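Accompanying notes for the structure given below.
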Amino acid sequence: MLPKEYETNQGPLMVRNPRVDDIPAIIALHRRCFPAMMAADGAWEESELRSHLNVFEEGQLIAEAEGKIVGVASSLIVSMGRNPLRAHTYYGITDDGYFYNHDPQGDTLYGAEVYVDPNLRGRGIGKVLYEARRELCRRLNLRRILAGGRLSRYSEYADRLTPEEYVWQVQDGKIQDPVLGFQISQGFAVRGVMPNYIRDPKSKDFASLIEWINPEYQAKEEDDTKVRVACVQYQMRKLDGFEDFANQVRYFVETAGEDYGAEFVVFPEFLTVQLLSGLEPMGSREGIRKLSEFTDQFVELMSTLAREQGLYLIAGSHPVAQKDGRLFNTAMIFKPDGTHVSQPKLHITPSERTWWGITGGDSMVVVQTPKARIGVLICYDVEFPEATRYLADRGVEILFVPYCTDNRQGYLRVSTCAAARAIENQIYVVTAGVVGNLPDVPAMDIHYGRAAVFTPSDFEFARDGIQAQADANVETMLVTDVDISDLYRSRQSGSVTPVNDRRRDLFEFQAKLSNEMIQAGVEEGHL
């Protein structure tokens, strides 16, 4: 813990956390260290440094020699998720230098800045600050330290070397870069080169992405209880063909996975009906049967996307013809290995029967994932409490509800019932609906949707029983985290405990499904 005294080849050095009255000296030192960046308006401001102390005082380090500040290291904690080595910018990763995005629950200590008095370089001050930062990473039990390293001499070689070639030559010892060379000597590995990282003429605005892995990191139990979900509020639009559809879907899945680290992505009900807009006009029943002919392409697309992004993909729903001629409205749940299980819609609306001749299924599935046990009910199904109760009794913690409603009344039926199911069963209910219009497709003219994630509505959760909610009737993607451990705390000691307080002596529940419960990802028969 700080303050702490370190020995260097030039005598003792004290490392401590800064105080507000240190800010003028820190700013002055920063200006002396980076005169070229100062000309590009890169100087710290007092408001930024005050913010650093407010949001993460423990991560701000100063080195003192004989009572004088001779070095500074600034850090924040960020959550890098499953793709920690993605490119970023300095202003993006530090929230314009204010560190407002500091995440105490994150997994990565991000090194925003290290600088040493230019008149005292070579005295081991930088080594001490790097070691103090590593100690902080170990003490906070974070997975890694990441930073963007200046390519401090790249401008001298830019006319004949790419930034990648420059980095390789620094690593091989053919070029001496005092910044990158020092970072490598401190145990950091170069993971890539990032363009437009920061305004720095000497680096031509490039930076290396460097990483130090904490060898003492211990996986936290609570890490496995947080789940990131992405609800795609998808706009129906006229398409030119399947490839056009695939491009739209791919965009959302890649954005959810690569940019936001989602572990589960859910699309709305009847996602594929827009494919009919690219075909010759036909009757509604003929059209929905024609749509089922896209099943193989649909499965291949979704399987590939789930596998590429390493996530669970609830692919909305798609009409699937059965061997006996029946047509099911089917949700497919794709796993990170590309395989999938299917959940048919059980309760069919009058319009589905009348317009499309769809039949209700008679089976239900539960999917065990590393983070949570999940189930899917399609739209109208969530308006029947027994369907959710069946899944909840079999351990479902997150229920995904893709829906397609044409007006506000229909949307309210689904969303109100979804909220009720979350409260009754003390689970999360994640919903996603379609928006937009399809003028040339019968029975799919208009839509009303508003994606949301509902909670059991207690003190452990966000207010109003709504974890997150999108704006209505605009194409967007809602991304939020839910904590499975909160469900169990609520069930054990919540304001009310409906799961425990059911009167099983008065009411019995019996299911007559055609299948034994399927548990994808775990041994059959083990709950």
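Residue 1337, in my numbering, is where the sequence shown stops; the numbers in between run on with no holes.
From the three backbone atoms N, C-alpha and C, an ideal C-beta is built for every residue, glycine too.
Predicted model only: the values in this text are computed from it and were never measured.
Under the three-state reduction of DSSP output, Leu1115 falls in the helix class.
Ranked by Cα distance from Ala875, the first of Val926, Glu1073, Gln1132 is Val926. Across the set Val1175, Ile1124, Tyr1190, the C-alpha of Val1175 shows the shortest separation from the C-alpha of Tyr1200. In the structure shown, the three-state DSSP call for Ala883 is strand. Of the residues assessed, Ser995 falls on the exposed side of the cut-off, its CB having fewer than 16 other CB atoms within 10 angstroms.
Take Gln820, set aside five residues on each side of it, and the residues of its chain with a beta-carbon closer than 6 angstroms to its own are Arg933, in chain order. About 5 angstroms separates the Cβ atoms of Val1037 and Ala1182, confirming a contact at the 8 angstroms cut-off.
By the Cβ rule, the segment 1052-1068 does not count as touching the segment 1226-1239, because fewer than three pairs are nearer than 8 angstroms. Out of Phe1080, Ile1168, Pro1180, Thr1169, the CA that lies nearest to the CA of Ala1141 is found in Phe1080.
Listed in chain order, the non-local C-beta contacts of Ser962 below 8 angstroms within the same chain comprise Asp987, Pro988, Val989, Leu990, Lys1012, Ser1013, local neighbours out to five positions each way being set aside. The Cβ atoms of Phe909 and Val865 sit closer than 8 angstroms to each other.
For Val1039, the closest C-alpha among the options Asp1315, Val1292, Arg1299 is that of Val1292. Sorting His1128, Ala1280, Tyr1007 by C-alpha distance to the C-alpha of Phe1264 places Ala1280 at the top. For Gln1058, the uninterrupted alpha helix (DSSP H) segment begins and ends at 1052-1064.
CA-CA distance, Ala1278 to Ala1131, rounds to 35 angstroms. Counting other Cβ atoms within 10 Å of its Cβ, Ile1023 stays below 16 and is therefore classed as exposed. Of the candidates Leu1288, Val1289, Gly1304, Arg1117, Gly1304 places its Cα closest to the Cα of Ser1295. A check of alpha carbon separations from Lys937 across Leu1089, Gln993, Phe1077 identifies Gln993 as the nearest. For Asn864, the uninterrupted alpha helix (DSSP H) segment begins and ends at 856-866. The C-beta of Ala957 has 16 or more other C-beta atoms within 10 Å across all chains shown, which makes the residue buried. Residue pairing for Phe1210: DSSP places it in a beta bridge opposite Val1186, Val1240. Around the beta carbon of Leu1222, a 10 Å sphere encloses fewer than 16 other beta carbons of the protein chains shown; the residue is thus reported as exposed. Just measuring C-alpha positions, the residue of Val1309, Val825, Pro1154, Val1240 sitting nearest Leu939 is Val825.
A check of alpha carbon separations from Asn1006 across Arg960, Asp982, Tyr1044, Gln1028 identifies Arg960 as the nearest. Rounded to the nearest angstrom, the gap between the Cα atoms of Gly1243 and Glu941 is 50 angstroms. Excluding the 5 residues flanking it on each side, Gly1097 has same chain C-beta neighbours closer than 6 angstroms at Leu1086, in chain order. One thing to note: Val1177 has its Cβ no nearer than 8 angstroms to the Cβ of Leu1121. Counting along the chain, the unbroken alpha helix (DSSP H) around Val1224 starts and ends at 1218-1235. The secondary-structure analysis by DSSP pairs Lys1036 across a beta bridge with Asp1293. Of the candidates Arg1136, Asp1147, His1150, Ile1184, Arg1136 places its Cα closest to the Cα of Gly1170. Sorting Phe1104, Arg954, Val1003 by C-alpha distance to the C-alpha of Gly1051 places Phe1104 at the top.
Counting only residues of its own chain and dropping the five nearest sequence neighbours on each side, Val977 has a CB closer than 8 angstroms to the CB of Leu961, Leu990, Val1000, Val1003, Ser1018. Per DSSP, Ile1020 is one residue of the beta strand (DSSP E) stretching across 1017-1023.
Taking C-beta atoms under 8 angstroms as the contact rule, Ser889 and Asp906 fail to qualify, at a distance of about 18 angstroms. Secondary structure of Ala1131 (DSSP, three-state): strand. Residue pairing from DSSP leaves Tyr908 without any beta-bridge partner.
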